[in-house]
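Notes follow once the structure below has been shown.
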Amino acid sequence: MMKKKLQVMGWLSFCLVFGACTSKKKDTSVLHMVNESEIEAIDPHKVTGVPENRVLMACFEGLMRYNPKTGGAMLGTAESYTISPNGKVYTFKIRKSAKWSDGSPVTAQDYVYSFQRALNPKTASQYAFMLHPIKGAKAYNTGKVKDVNTVGLRAKDPITLVVELERVVPYFIETLTHYSFFPVPQKAVKAHGIKWTAPKNIKCNGAFKSVSVVLQDKRVFKKNKHYWDRANVHFKKLVIYAVENNVTRVRKFENHEAHWSVEPPSTEIQRFKGKSSYHVSPYLGAYYFIANVKRGPLKNPKVRQALAMTVNRKQITDHVLMAGQQPAYALLPPGIANYVEGEALISEDIQKAKQLMAEAGYPNGKGFPELNLLYNTHSDHKKLVLAATDMWKRHLGITVKPYNKEWKTYLTEKRLHDFDIARAGWIGDYNDPTTFLGMWTHHSSFNDAQWHNAEYDALLEKSKVELNLKKRAQLLNKAEKILMTEMPIIPIYHYVTKDLVSPKLKGWYPNLMGHHPFVGLKFSK
Numbered sequence: 009m010m011k012k013k014l015q016v017m018g019w020l021s022f023c024l025v026f027g028a029c030t031s032k033k034k035d036t037s038v039l040h041m042v043n044e045s046e047i048e049a050i051d052p053h054k055v056t057g058v059p060e061n062r063v064l065m066a067c068f069e070g071l072m073r074y075n076p077k078t079g080g081a082m083l084g085t086a087e088s089y090t091i092s093p094n095g096k097v098y099t100f101k102i103r104k105s106a107k108w109s110d111g112s113p114v115t116a117q118d119y120v121y122s123f124q125r126a127l128n129p130k131t132a133s134q135y136a137f138m139l140h141p142i143k144g145a146k147a148y149n150t151g152k153v154k155d156v157n158t159v160g161l162r163a164k165d166p167i168t169l170v171v172e173l174e175r176v177v178p179y180f181i182e183t184l185t186h187y188s189f190f191p192v193p194q195k196a197v198k199a200h201g202i203k204w205t206a207p208k209n210i211k212c213n214g215a216f217k218s219v220s221v222v223l224q225d226k227r228v229f230k231k232n233k234h235y236w237d238r239a240n241v242h243f244k245k246l247v248i249y250a251v252e253n254n255v256t257r258v259r260k261f262e263n264h265e266a267h268w269s270v271e272p273p274s275t276e277i278q279r280f281k282g283k284s285s286y287h288v289s290p291y292l293g294a295y296y297f298i299a300n301v302k303r304g305p306l307k308n309p310k311v312r313q314a315l316a317m318t319v320n321r322k323q324i325t326d327h328v329l330m331a332g333q334q335p336a337y338a339l340l341p342p343g344i345a346n347y348v349e350g351e352a353l354i355s356e357d358i359q360k361a362k363q364l365m366a367e368a369g370y371p372n373g374k375g376f377p378e379l380n381l382l383y384n385t386h387s388d389h390k391k392l393v394l395a396a397t398d399m400w401k402r403h404l405g406i407t408v409k410p411y412n413k414e415w416k417t418y419l420t421e422k423r424l425h426d427f428d429i430a431r432a433g434w435i436g437d438y439n440d441p442t443t444f445l446g447m448w449t450h451h452s453s454f455n456d457a458q459w460h461n462a463e464y465d466a467l468l469e470k471s472k473v474e475l476n477l478k479k480r481a482q483l484l485n486k487a488e489k490i491l492m493t494e495m496p497i498i499p500i501y502h503y504v505t506k507d508l509v510s511p512k513l514k515g516w517y518p519n520l521m522g523h524h525p526f527v528g529l530k531f532s533k
């Protein structure tokens, strides 16, 4: 009893001296969220990653926005749209209540300007290809046509946007949720150049406005009082932390410093399984290795096939990752729309792999040069690449040395093709096979393997004009088979989302697309 009393007295003294204990209720007007890393930028036309998407959807909103329950498309800045009988002309009506954070209206011309900016070759947007279905967009983006007015975009009046497509695109509406289609404030961009995203200069049309940034630490946003759906924005402030270390992300959640934290590491998962705060669900994504086909032995598809055949995927998912990920024996993930039933296109066959290496001139690894494997800093990536390189060492007699870089540097080296092999992942931007297969065409800005196959490209082009979805799926399946034979990429597993979410936070729903908009989130009473 005395010991307990002394402990209480000591605690009260601590409170009096440091002011650490108060009866003040915790501020429920602020939402704290932990992101994976510091983002590249807050410019929708300059980024490519999932961490960036989480930040951008706080600040900006496209014609369509994410449905929190399905991750699919629902009306956003557009209050309605119509499609012409031939399926090629979309007419959007912009909400009269849609405004930028300075109170000025969001107009159809804002969208025309933003889409043109995304397509402008000088912008160098890696996601410009998302807009290529628009009539004349690809020709302008690739520099074949200089006149931007040839692109099928028109502001009929301040609230009427007309978009004409080259062809019928059954998933076009869903693509409009993507940040490549977000509007940017023309006046701010022209007035401030690359500094337009600084908190003092930025204008946002989404639920929140950026007010401060501490790089490698946090970004603070305040509620946009001019947002058209502000009645469903239940927080006055949003704080998004940039935490590259996934164990630290877990600690922030456990210490009640955050209400939502993404991607806990495999080492922590077992503690959370079965708890109401832990959410795991299938995700439309694939994790893979990229082989730089311009480098040394990786020029030979037999070597790439051998690497793919000697990775024990189930061992990795069951004993390294342990969160329910599915081994990937093809690129396209389960549950993807507009496709044939999934089939295994990769076999794990150590003896066949050894034979292929011998045929390539490297029997038992003899004469094979040491390669490197690039990955971004992350404990699970490290464990996975160590497991894979160990398998290659044991089964093929070759040495592949992993090395890690922080997120921004990793992205830069990957884009510059400054690697032999690189770990990578892709989350579908929309629910259709082309979001995965389109990356590996010859002219794709995401083709970091530098691979080219004319037949593959032709199949992707043919699929664009095939209106029969069954025949289209067959064309895309042929393309995937070519990709999995040539093996410029080596699929390892299909993702699940893993999130730690406070049980008090309502309006957050697991979904296949992994999209969790901030609009609608609120604390239960």
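When the letters of the sequence shown are read in order and numbered with this note's numbering, they come out as residues 9 to 533.
Virtual Cβ for every residue (Gly too), placed ideally from N, Cα, C.
Just so you know, these numbers come straight off a predicted model, no measurement behind them.
According to DSSP, what are the bridge partners of residue 432?
Here the question's residue 432 lines up with position 424 in the sequence shown. Paired residues: 296.
Quick check: the stretch 122-136 against the stretch 204-213, are at least 3 beta-carbon pairs closer than 8 Å?
Output reads no: the stretch 122-136 does not touch the stretch 204-213.
For residue 385, collect the residues of the same chain with a Cβ closer than 6 Å to its Cβ; drop the 5 residues on either side in sequence, then sort them by chain order.
Mapped onto the sequence shown, residue 385 falls at position 377. Around residue 385: 252, 412 and 414.
Is the distance from the Cβ of residue 100 to the Cβ of residue 169 below 8 Å?
The residue given as residue 100 occupies position 92 in the sequence shown. The residue given as residue 169 occupies position 161 in the sequence shown. In contact: residue 100 and residue 169 (Cβ atoms closer than 8 Å).
At 3 residues or longer, what runs of the beta strand (DSSP E) sit wholly inside the stretch 429-488?
As far as the stretch 429-488 is concerned, its whole beta strand (DSSP E) runs of at least 3 residues are 429-435.
Please report how far the alpha carbon of residue 388 lies from the alpha carbon of residue 356, in whole angstroms.
Counting from one through the sequence shown, the residue named residue 388 turns up at place 380. Counting from one through the sequence shown, the residue named residue 356 turns up at place 348. Whole-angstrom Cα-Cα distance: 22 Å.
Using 8 Å as the threshold, is the stretch 192-202 in touch with the stretch 140-148, meaning 3 or more CB pairs across them?
Result no; under three Cβ-Cβ pairs closer than 8 Å.
Alpha carbon to alpha carbon, how far is residue 98 from residue 90? Give it in angstroms, no decimals.
Here residue 90 refers to the residue found at position 82 when the sequence shown is read from its first residue. Here residue 98 refers to the residue found at position 90 when the sequence shown is read from its first residue. Looking at the two C-alpha atoms, the distance is approximately 6 Å.
Which full runs of the alpha helix (DSSP H) of 4+ residues lie inside the stretch 148-189, going along the chain?
Here the runs fully enclosed are 180-183.
Distance, Cα to Cα, residue 378 vs residue 408?
Locating residue 378 in the sequence shown gives position 370, where the first residue counts as 1. Locating residue 408 in the sequence shown gives position 400, where the first residue counts as 1. Distance between the alpha carbons of residue 378 and residue 408 is about 6 Å.
For residue 529, count the other beta carbons within 10 Å of its own beta carbon; 16 or more makes it buried, fewer makes it exposed. Which is it?
For the purposes of this step, residue 529 is taken as residue 521 along the sequence shown, with counting starting at 1. Buried, because 16 or more other Cβ atoms sit within 10 Å of the Cβ of residue 529.
Identify the continuous alpha helix (DSSP H) that holds residue 276 and give its terminal residues.
As a working note, residue 276 is residue 268 in the sequence shown. 274-280 is the extent of the alpha helix (DSSP H) around residue 276.
Looking at the secondary structure, which residues open and close the beta strand (DSSP E) in which residue 250 lies?
Counting from 1 along the sequence shown, the entry for residue 250 is found at position 242. Per DSSP, residue 250 belongs to the beta strand (DSSP E) from 245-250.
What is the rounded straight-line gap between the Cα of residue 360 and the Cα of residue 370?
Against the sequence shown, residue 360 aligns to sequence position 352. Against the sequence shown, residue 370 aligns to sequence position 362. Taking the straight line from one Cα to the other gives about 13 Å.
Along the alpha helix (DSSP H) that carries residue 255, what are the first and last residues, could you check?
As a position in the sequence shown, residue 255 is number 247, starting the count at 1. First-last of the alpha helix (DSSP H) with residue 255: 254-262.
Is there contact here, the stretch 314-331 with the stretch 486-500, by at least three beta-carbon pairs under 8 Å?
Segments in contact, yes.
Does the beta-carbon of residue 152 have 16 or more other beta-carbons within 10 angstroms, so that it is buried, or is it exposed?
The residue labelled residue 152 in the question sits at position 144 within the sequence shown. Exposed, by the Cβ-count rule.
So what does DSSP say about residue 192, is it helix, strand or coil?
Working through the sequence shown from its first residue, we reach residue 192 at position 184. DSSP places residue 192 in coil when its eight states are reduced to three.
Expressed to the nearest angstrom, what Euclidean distance is found between the alpha-carbon atoms of residue 240 and residue 233?
Locating residue 240 in the sequence shown gives position 232, counting from the first residue. Locating residue 233 in the sequence shown gives position 225, counting from the first residue. Approximately 11 Å between the Cα atoms of the pair.
Per DSSP, which one or two residues make a beta bridge with residue 124?
Counted from its first residue, the sequence shown places residue 124 at position 116. Looking at the DSSP assignment, residue 124 forms no beta bridge with any residue, so it has no partner.
By DSSP, does residue 94 sit in helix, in strand, or in coil?
Taking the first residue of the sequence shown as 1, we reach residue 94 at position 86. In the structure shown, residue 94 sits in coil (DSSP, three-state: anything other than H, G, I, E or B).
Determine, using beta carbons only, whether residue 333 and residue 342 come nearer to each other than 8 Å.
To locate residue 333, count along the sequence shown from 1; it is residue 325. To locate residue 342, count along the sequence shown from 1; it is residue 334. No, the Cβ-Cβ distance between residue 333 and residue 342 is not below 8 Å.
Based on the DSSP output, what are the partners of residue 384 in its beta bridges?
Locating residue 384 in the sequence shown gives position 376, counting from the first residue. According to DSSP, residue 384 bridges with 413.
Report the residue from 36, 104, 35 and 47 whose alpha carbon sits nearest the alpha carbon of residue 418.
By 1-based counting over the sequence shown, the position of residue 418 is 410. The residue with the shortest Cα to Cα distance from residue 418 is 47.
In terms of residues, what are the limits of the alpha helix (DSSP H) holding residue 309?
As a position in the sequence shown, residue 309 is number 301, starting the count at 1. Counting along the chain, the alpha helix (DSSP H) containing residue 309 begins and ends at 309-317.
Taking residue 301 as the reference, give the member of 212, 456, 164 and 231 with the closest Cα.
As a working note, residue 301 is residue 293 in the sequence shown. Taking only the C-alpha atoms, the option nearest residue 301 is 456.
Can you round the beta-carbon distance between residue 513 and residue 487 to whole angstroms, since I take them to be within the 8 Å contact cut?
For the purposes of this step, residue 513 is taken as residue 505 along the sequence shown, with counting starting at 1. For the purposes of this step, residue 487 is taken as residue 479 along the sequence shown, with counting starting at 1. Not confirmed; about 41 Å, so no contact.
Taking residue 182 as the reference, which of 223, 166, 229 and 139 has the closest Cα?
Working through the sequence shown from its first residue, we reach residue 182 at position 174. That would be 139, whose Cα lies nearest to the Cα of residue 182.
So which of 243, 285, 246 and 245 has the shortest CA-CA distance to residue 262?
Numbered from 1 along the sequence shown, position 254 holds the residue referred to as residue 262. Closest by alpha carbon: 285.
Can you tell me the Cβ-Cβ gap for residue 210 and residue 226, rounded? I've got them flagged as a contact below 8 Å.
Position 202 of the sequence shown, counted from the start, is the residue given in the question as residue 210. Position 218 of the sequence shown, counted from the start, is the residue given in the question as residue 226. 16 Å between Cβ atoms; not a contact.
What is the DSSP secondary structure of residue 229, reduced to helix, strand or coil?
Against the sequence shown, residue 229 aligns to sequence position 221. Three-state DSSP puts residue 229 in a strand.
By the 10 Å Cβ neighbour count, where 16 or more other Cβ atoms means buried, how is residue 223 classified, buried or exposed?
Residue mapping note: residue 223 aligns to position 215 of the sequence shown, counting from 1. Classification of residue 223: exposed, given that the 10 Å Cβ count is below 16.
Within 10 Å of its beta-carbon, does residue 375 have 16 or more other beta-carbons around it, so buried, or fewer, so exposed?
What you label residue 375 is simply residue 367 of the sequence shown in a count that begins at 1. Exposed, by the Cβ-count rule.
Determine the burial state of residue 437: buried for a count of at least 16 other Cβ atoms within 10 Å of its Cβ, exposed for fewer.
Mapped onto the sequence shown, residue 437 falls at position 429. So residue 437 ends up on the buried side.
Taking the C-alpha atoms as reference points, what is the distance between residue 504 and residue 58?
Taking the sequence shown and counting its residues from 1, the one referred to as residue 504 is at position 496. Taking the sequence shown and counting its residues from 1, the one referred to as residue 58 is at position 50. Between residue 504 and residue 58, the C-alpha separation is close to 14 Å.
I'd like to check one pair, residue 215 with residue 509: are the Cβ atoms closer than 8 Å?
Along the sequence shown, one-based indexing puts residue 509 at 501. Along the sequence shown, one-based indexing puts residue 215 at 207. In this structure, residue 215 does not lie closer than 8 Å to residue 509 by Cβ.
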